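Mapped onto the numbering used here, the consecutive letters of the sequence shown carry residue numbers 389 to 768.
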Amino acid sequence: MEGTMAVPDDEQVKKRGIKRVIISFVIAMAALTFFSNTLLNISLPEVTVEQSHAGSLSHEVSGYGTVEAAETADLYVETTWSVLEVNVKAGDTVKAGQVLVTLKTRDAEDTLKDNQARYEQKKISLEKQQDAYAEAFQVDDEKQLRNLSRDMETAKLDLQILKRQIDNLQRQLAEYSQVIAPVDGIVMELNAVKNASVPSGKAAVRIADFSKGQLLKATIPTEKSSYVKVGDETDILFAALSNARMKAKVADIRDVTPAASSSGAPQSSSDRKEVTFALRNDRLTGGEKGEFNIVQKTAPFRSLLPNDAIREDDKGKYALIVKEKKGPLGNEYVLQRASLQAGDADDEMTSIENGISPLDQVVVSSSKPVSEGDRVLKSK
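Rendered as structure tokens:
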């Protein structure tokens with residue numbers, strides 16, 4: 389039996405060379421694939437994900453307003469008499485019974501005296517007519533009786549008119565010769581000027597009666613007004629009073645009165661509500677700025693997501709969910725659209741009624757704009 393035939397040296401060298409080329413090619417292709425995949429991963433958007441969780445929402449209603457008296461005493465003057473003296477100025481503290489304004493009454497007093505004199509004259513004239521009537525009756529002068537009867541009726545009517553004028557002047561002199569404070573308080577408005585009449589329709593003096601407590605009025609968005617109700621209690625912060633906090637109660641919630649525009653037409657205020665808080669504190673004198681913050685917690689919800697996770701397009705609201713897939717060089721993450729039904733929401737979170745499971749990893753933020761079908765990297 390013949391021995392094994394030896395392969396020529398040059399053929400062995402050729403085979404080894406081909407083998408090395410194949411190995412080098414495979415290594416190069418693997419390296420290229422690895423590095424290209426690495427470069428691709430570096431260029432992919434990076435996303436932050438969260439899973440839905442149970443919890444409550446916190447509806448926060450905040451705002452600010454200015455303190456005013458719960459009640460005011462508006463002191464009007466029904467006459468056109470000029471002001472003689474003004475004894476106070478806006479901002480003064482006054483006591484009940486204090487004389488605030490004195491009016492010029494000399495002309496009214498003179499008119500009263502004249503009317504009283506005319507009244508006496510009319511009375512004397514009427515008495516003479518009555519005597520004449522008695523004489524005419526005795527002689528049965530019918531014509532004279534008719535004339536005297538008419539004259540006496542006219543005289544009685546004149547007396548009634550004069551009596552009303554006298555009574556009215558006496559009342560005005562008693563009520564309006566001086567403007568007197570009916571309560572302890574602070575002068576909030578003063579429309580009395582020396583040597584001038586008080587403008588028609590305006591109070592001569594407006595006094596804030598702080599013994600009845602104070603009010604703070606503020607406006608809030610209409611969509612948040614449902615989270616506040618009459619009777620709710622809260623603290624109001626007064627920065628100017630060393631950040632003092634004072635207890636207050638919601639006393640009223642109403643539509644904001646429409647304000648007139650520059651053209652005179654009323655502007656819509658349907659997006660705002662006015663909330664009135666009642667409070668009582670001796671440190672408040674009116675005009676202080678106060679801030680409030682009311683937080684109402686809801687009953688627990690089964691599923692909550694951050695507001696940033698909720699997206700919307702022409703098909704409705706949805707979220708992007710990260711789905712894991714097996715790739716040739718490891719796991720890949722691809723975005724999938726999940727239509728959802730959202731419920732109540734606060735400033736940070738939204739309740740999810742359906743469309744998301746507690747295990748879904750929902751995109752909250754991303755380093756680049758993303759959409760359904762994109763490959764992404766998950767933030768560590």
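All residues carry an ideal CB built from backbone N, CA and C; glycine is no exception. Here the structure is a predicted model, which means the values were calculated and not measured.
Residue range of the unbroken alpha helix (DSSP H) whose run includes residue i
i      : result
Gln560 : Glu530 to Tyr564
Residue span of the beta strand (DSSP E) that contains residue i, given as start and end
i      : result
Asp462 : Ser446 to Leu463
Pro609 : Val593 to Pro609
Gln439 : Looking at the DSSP string, Gln439 is not in any beta strand (DSSP E), and its letter there is neither H nor E.
Lys477 : From DSSP, Lys477 is part of no beta strand (DSSP E); its letter is neither H nor E.
Ala666 : Arg660 to Leu667
Glu577 : Gly573 to Leu578
Leu491 : Val487 to Leu491
Lys766 : Arg763 to Lys766
Ser759 : Unbroken run through Ser759: none, as it is neither H nor E.
Glu700 : Arg699 to Asp701
CB contact below 7 Å: residue i versus chain D
i      : result
Lys768 : Absent here is chain D; the protein component of the structure consists of one chain.
Residue i in three-state terms, based on DSSP
i      : result
Gln749 : coil
Asn503 : helix
Glu621 : strand
Ser692 : The sequence given here has Leu at residue 692, not Ser. Strand.
Glu676 : coil
Leu629 : helix
Arg494 : helix
Glu736 : coil
Ser588 : coil
Leu410 : Note that residue 410 corresponds to Ile in the displayed sequence, not to Leu. In this structure, Ile410 counts as helix in the three-state DSSP scheme.
Ile568 : strand
Glu770 : No answer is possible for residue 770: it lies beyond the span of the chain, which begins at 389 and ends at 768.
Beta carbon of residue i nearer than 7 Å to that of residue j
i      : j      : result
Ala697 : Gln602 : no
Leu765 : Leu445 : no
Leu723 : Leu747 : no
Ala489 : Ala592 : Correcting the residue type first, residue 489 is Val in the shown sequence and not Ala. Cβ atoms of Val489 and Ala592: closer than 7 Å.
Ile608 : Gly479 : no
Val455 : Leu672 : yes
Asp659 : Thr610 : yes
Ser440 : Leu728 : no
Ser585 : Thr686 : no
Ser470 : Asn583 : yes
Lys705 : Ala730 : yes
Gln532 : Ala522 : no
Thr493 : Leu561 : yes
Thr664 : Lys600 : no
Beta-carbon separation (whole angstroms), residue i vs residue j, contact threshold 8 Å
i      : j      : result
Ala496 : Leu557 : 6 Å
Can at least three beta-carbon pairs, one atom from the region 568 to 580 and one from the region 469 to 478, be found at a separation below 8 Å? yes
Validate contact between the region 607 to 626 and the region 677 to 687 using beta carbons, cut 8 Å, 3 pairs: yes
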